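Here the structure is laid out as structure tokens; the discussion comes afterwards.
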Amino acid sequence: MGTQFYSARQRAEWATRTEVQFLRLARSRARFIAERDGRIVGYVGYDRSRQTLTECYVHPHHQHQGIGRLLVRHILHIAHADGLESLTVLASLNARSFYESLGFVFQQAENLDMSDGQILPCCQMRASLTGGAWSRNPACP
Ligand SMILES: CC(C)(COP(=O)(O)OP(=O)(O)OC[C@H]1O[C@@H](n2cnc3c(N)ncnc32)[C@H](O)[C@@H]1OP(=O)(O)O)[C@@H](O)C(=O)NCCC(=O)NCCS
Numbered sequence: 001m002g003t004q005f006y007s008a009r010q011r012a013e014w015a016t017r018t019e020v021q022f023l024r025l026a027r028s029r030a031r032f033i034a035e036r037d038g039r040i041v042g043y044v045g046y047d048r049s050r051q052t053l054t055e056c057y058v059h060p061h062h063q064h065q066g067i068g069r070l071l072v073r074h075i076l077h078i079a080h081a082d083g084l085e086s087l088t089v090l091a092s093l094n095a096r097s098f099y100e101s102l103g104f105v106f107q108q109a110e111n112l113d114m115s116d117g118q119i120l121p122c123c124q125m126r127a128s129l130t131g132g133a134w135s136r137n138p139a140c141p
């Protein structure tokens, strides 16, 4: 997570989310991984019922090589095929311009409540998947 945007305490709290919490999340969402030489280098999550891209992470050693773009594109195509009209993401501040480059538009600032009472400022973003807007999306082939 972006060191310019979040404090060491906020990053530490995020990193210590329990395995149980992650397992609960894993059961409710579809996940896709990116592999390189047999190793996982990134993953993306999708929750169809909430019309949400739930997260996208790329290993720091493999960032800025187009992997995040491929993962998000994959979800946009699945959501489009699922008949969704739009897809939202609660983006961390450091990822805002990444999602903008993929056609997401800032909707509003939103705070994510952390278990220790801290808040993590984020932004709610939305990509339209209908008609003209979809065909102009940079993620559209
Ligand atoms: C954000 C993240 C998923 C991007 O993945 P990535 O594989 O590095 O991104 P890509 O290489 O596919 O970049 C695609 C485009 O996004 C744009 N971009 C803007 N801000 C960016 C950023 N902080 N990181 C990467 N790309 C960014 C670039 O224009 C880039 O296109 P370019 O390479 O032609 O310049 C990755 O940096 C990451 O895991 N960050 C930490 C976790 C995080 O904040 N995830 C989002 C939580 S919702």
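Numbering (UniProt numbering), first residue to last: 1 to 141. Glycine included, every Cβ here is placed at the ideal spot set by N, Cα and C. All figures in this text were calculated on a predicted structure; none of them were measured in a lab.
If you compare the alpha carbons of A109, L76, I33, I67 with that of R48, the shortest gap goes to L76. Within the DSSP bridge table, the entry for L53 names Y46, V89 as partners. Here Q65 carries a coil assignment [DSSP, helix/strand/coil]. The beta carbon of H62 sits closer than 6 Å to those of V41, all from its chain and outside the five residues before and after it, given in chain order. Between ligand 1 and F98, a heavy atom-to-CB distance of less than 8 Å is present. For N111, DSSP records a beta bridge to P121. Under the three-state reduction of DSSP, A30 is assigned to strand.
As a beta-bridge residue in DSSP terms, E35 pairs with I40. Between the stretch 83-95 and the stretch 115-130 there are three or more C-beta pairs closer than 8 Å, enough to call the two in contact. Taking a C-beta distance under 9 Å as the contact criterion, A139 and V72 qualify as a contact pair. Just so you know, the alpha carbons of A15 and D116 end up roughly 12 Å apart.
Around the CB of S92, 16 or more other CB atoms lie within 10 Å, so the residue is classed as buried.
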